[in-house]
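Written out below as structure tokens is the structure these notes cover.
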Amino acid sequence: MPQFEYAGMQNGKSVTGFIIATDQADAGKKLRAQKINPTKLNVSNNDGDADPEPATFLGMQVHSDKLKEIDIMMFTKKLETMIKSDLPIMDALKLARRQAKMPGMIKVTKSLIDDLNQGHSFSEGLEKFPQYFDDSYINMIRAGESSGQLAKFLNKIVELAEKKIKITKDIKGALTYPVILLTVALLVTIVMLIKVVPIFAEIYGSLGAELPASTQKVIIASEFMKDPSRGGVLFGTIFSALTINWYLTKKMYNLRKFWHGLSLKLPAFGDLIMKSIYAKIAMVLANLLSAGVSIIDALDISSKVTNNILVKEGIDRVKIEILEGKSLSQLFAQEPIFPMEFSEFMKVGEKTGSVDEMFTSIAVYYEAEVDNAVGGVKALLEPVMIVLIGAIIAGLLLTLYQPIFSMGDVIK
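This is the structure in structure tokens:
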């Protein structure tokens with residue numbers, strides 16, 4: 032059957048995608064059944080029989096196999112759209128392969144098709160690519176296969192991925208501004224030390240007078256920065272220290288735990304990091320529990336959404352103690368890494384018997400909290416960083432002009 036590319040409106044939102052149908056009228060009917068009002072509906076040019084292969088040059092692959100989280104999300108969204116149109120998973124994967132442009136996606140879809148041809152399930156094929164499809168993804172697919180509602184669970188995966196990407200984007204957005212301003216402050220300081228301070232040093236040197244201690248220190252720093260060998264030693268020392276710290280942190284569990292704990296205590300940023308972790312954990316638990324995954328397995332998988340050791344240890348303790356018959360709300364309340372709101376939401380869910388909906392509510396709550404935290408960080412950092420840059424420049428200039436202010440003592 033031909034494939035149609037469409038654009039339209041669904042629940043007030045613009046949507047695009049592909050749909051399989053016998054003709055254009057049938058395609059329009061299927062779209063309206065999905066409550067999509069099509070504004071464009073054309074036969075897709077990607078309906079050829081030739082399967083793409085990774086581009087090569089002199090026998091070597093041109094592009095990397097690496098796939099980003101958004102690439103996996105778009106792949107999942109395409110599958111959901113096609114399976115909603117009653118297309119078998121094999122045909123959906125074949126179309127996804129024909130549309131694939133990135134080498135990684137071409138190889139993934141080819142492998143999945145081969146596995147299906149050999150009698151393996153879709154979820155078993157995904158297990159070969161843990162770098163792209165985590166335990167949460169595979170368990171959701173497995174639940175969709177067993178219940179016959181694969182499209183529904185693909186939709187849940189897409190929603191989860193979209194929320195994760197949004198949270199990550201918000202955090203990066205909050206970090207971008209201070210990083211840029213700190214870089215500017217560092218560059219301005221280096222330029223002043225290398226270009227401006229030597230001029231003052233030459234002037235004061237001709238006077239032959241003793242300079243204030245603060246001015247002498249700035250001049251010494253300037254001379255250090257101007258000397259390539261000394262500058263190389265400085266940057267080499269900094270680089271070595273960072274490399275050693277990275278290596279030791281990677282190898283030493285307690286040191287890594289210390290840094291993870293410290294990151295959660297950072298002014299403004301610690302709160303943002305924690306709330307983003309809570310939101311991700313709650314989203315994963317909500318989706319897994321709604322898919323019928325046991326609470327033990329769901330907790331185990333949810334602990335993998337973060338690398339923070341303190342959070343992982345907290346979830347591991349909950350996972351062990353829940354076997355003793357204690358309630359989730361009671362166990363999470365005992366963990367100091369989790370706030371009171373987390374356990375209070377759970378109490379409500381336990382009383383109503385809707386634990387998965389409870390975690391959905393927690394996720395929604397902390398998504399809003401992440402948005403508020405991002406806004407708070409930006410509002411706090413903008414004036415702080417401007418004042419910091421001003422203070423650095425003003426401090427350097429005052430130090431350099433200090434001898435001039437006391438010229439009577441300098442010139443004898």
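All you need for my numbering is the position in the sequence shown, starting with 1, plus 31.
Beta carbons are placed, not taken as given, at the ideal position from N, Cα and C, and that holds for glycine.
| Check | Outcome |
| --- | --- |
| Reduced DSSP category for residue 41 - H, G, I as helix; E, B as strand; rest coil | strand |
| Spatial distance of residue 283 from residue 181 (CA atoms) | 42 Å |
| Closest Cα partner of residue 390 within the set 408, 360, 405, 411 | 360 |
| Span separating the alpha-carbon of residue 186 from that of residue 349 | 29 Å |
| Beta bridge counterpart(s) of residue 51 as assigned by DSSP | 34 |
| Contacts around residue 79, its chain only, beta-carbon distance under 6 Å, and the 5 residues preceding and following it disregarded | At residue 79, the pLDDT of 46 sits below 50, so the modelled position is not reliable; the number obtained from the coordinates is stated separately. Nothing meets the Cβ criterion. |
| Proximal residues to residue 127 (C-beta, below 7 Å), its chain only, five neighbours per side dropped | 106, 109, 110, 140 |
| Residue 362 beta carbon less than 8 Å from that of residue 375 | no |
| Same chain, Cβ closer than 7 Å to residue 300, neighbours up to 5 away in sequence not counted | 408 |
| Coil, strand or helix - residue 79 by DSSP | Only weak support exists for where residue 79 lies, its pLDDT of 46 falling under 50; the coordinates are left without a value. |
| Per-residue burial, residue 421 [other beta carbons within 10 Å of its own, 16 or more giving buried] | exposed |
| Exposed unless 16 or more other CB atoms sit within 10 angstroms - verdict on residue 34 | buried |
| Cβ-based neighbour list, residue 393, same chain, cut-off 6 Å, excluding 5 preceding and 5 following | 313, 376 |
| Segment contact flag, the segment 304–312 with the segment 333–341, C-beta cutoff 8 Å, min 3 pairs | yes |
| Buried or exposed (CB count within 10 angstroms, at least 16 for buried), residue 171 | buried |
| Residue 231 versus residue 203: straight-line alpha-carbon distance, rounded | 41 Å |
| Anticipated Cβ contact below 8 Å, residue 133 with residue 123, distance rounded | Between residue 123 and residue 133 the Cβ distance is about 18 Å, and since that is not below 8 Å, they are no contact. |
| The alpha helix (DSSP H) enclosing residue 71, as first and last residue numbers | Here residue 71 belongs to no alpha helix (DSSP H); instead the beta strand (DSSP E) covers 67–74. |
| Secondary structure of residue 324, DSSP reduced to three states | coil |
| C-alpha distance - residue 36 paired with residue 373, whole-angstrom precision | 44 Å |
| Nearest neighbour of residue 41, chosen from 425, 70, 357 [CA to CA] | 70 |
| Buried versus exposed call for residue 317 [16 or more other C-beta atoms within 10 Å across all chains shown] | buried |
| N- and C-terminal bounds of the alpha helix (DSSP H) containing residue 185 | 181–222 |
| Beta-carbon proximity list for residue 281, same chain, < 8 Å, skipping 5 on both sides | 287 |
| Cβ pair residue 153, residue 176 closer than 8 Å | yes |
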